[in-house]
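Okay, so the sequence shown: first residue is 3 according to this note's numbering, each after it adds one.
Quick reminder that beta carbons are idealized off the backbone N, C-alpha and C, glycines included.
What follows is a single structure, written as structure tokens, with notes after it.
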Amino acid sequence: MRGVSPLFGNPEKKAQKEAELTAARAETDRLLGLSPPALAAEVLPDAFGAGGPKVVAGTRGLNVFQVAMAVTDKNPRGTTYLKELVEPIREALQVLEHAELILRNTNQDQGARYTLTRLGQATLADGTVAEKLHAAG
3 MRGVSPLFGN
13 PEKKAQKEAE
23 LTAARAETDR
33 LLGLSPPALA
43 AEVLPDAFGA
53 GGPKVVAGTR
63 GLNVFQVAMA
73 VTDKNPRGTT
83 YLKELVEPIR
93 EALQVLEHAE
103 LILRNTNQDQ
113 GARYTLTRLG
123 QATLADGTVA
133 EKLHAAG
């Protein structure tokens, strides 16, 4: 039985889970504390950069939950507080749209989907997201 009581579980795993939840809460609080332009500067590379989610064939971009997942999945248990971030991420997407870095496509079946514009692609490539957002705001 390896010295662990089946009634109480593994204390190391419990401590690790608690540490992961604490880190996820801290990261969520950090993201919630950012202004919409500052959050937008993090959303663009996380969701639309090379390491971001891939657009599924037949869709017209990423939906807000895919974007939120891309922002929060860097940490174990990062998606625990996902619901709290949906509205701030929508605001960040609006900032990116107003800066002409992303394009929102809406249809009846899929709702709002977001894709990079050519300017958004160039901005990601040259690493000037924050500068473009500052200039647009």
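Rounded separation between M3 and K16 - CA only: Caution applies to M3, whose pLDDT of 46 falls short of 50 and renders its modelled position unreliable; the value that the coordinates give is listed next. M3 and K16 have their C-alpha atoms roughly 18 Å apart.
Assign M3 to one of three DSSP states: helix, strand, or coil. For M3, the predicted structure reports a pLDDT of 46, less than 50, and the residue's modelled location is therefore unreliable. A value from the coordinates is still provided. If DSSP states are grouped into helix, strand and coil, M3 belongs with coil.
Which residues mark the beginning and the end of the alpha helix (DSSP H) in which G122 is found? Boundaries of the alpha helix (DSSP H) harbouring G122: 120-128, taken from the DSSP string.
Quick one: any contact between the region 132-139 and the region 105-120, if contact means 3 or more CB pairs under 8 Å? Segments in contact, no.
Taking the DSSP output, what are the residues bridged to I104? L118, per the DSSP bridge assignment.
Status (buried if at least 16 other CB within 10 Å, exposed otherwise) for F50: So F50 ends up on the buried side.
Spatial neighbours of P38 within its chain, please: CB distance less than 6 Å, with the 5 preceding and 5 following residues excluded, ordered by chain position. Sequence-distant partners of P38 (beyond 5 residues in either direction) whose C-beta falls short of 6 Å from its own C-beta, in its chain, are E93, A94, V97.
Outcome for Q123 when other beta-carbon atoms lying within 10 angstroms are tallied against a minimum of 16: Counting the other Cβ atoms within 10 Å of the Cβ of Q123 gives fewer than 16, which makes it exposed.
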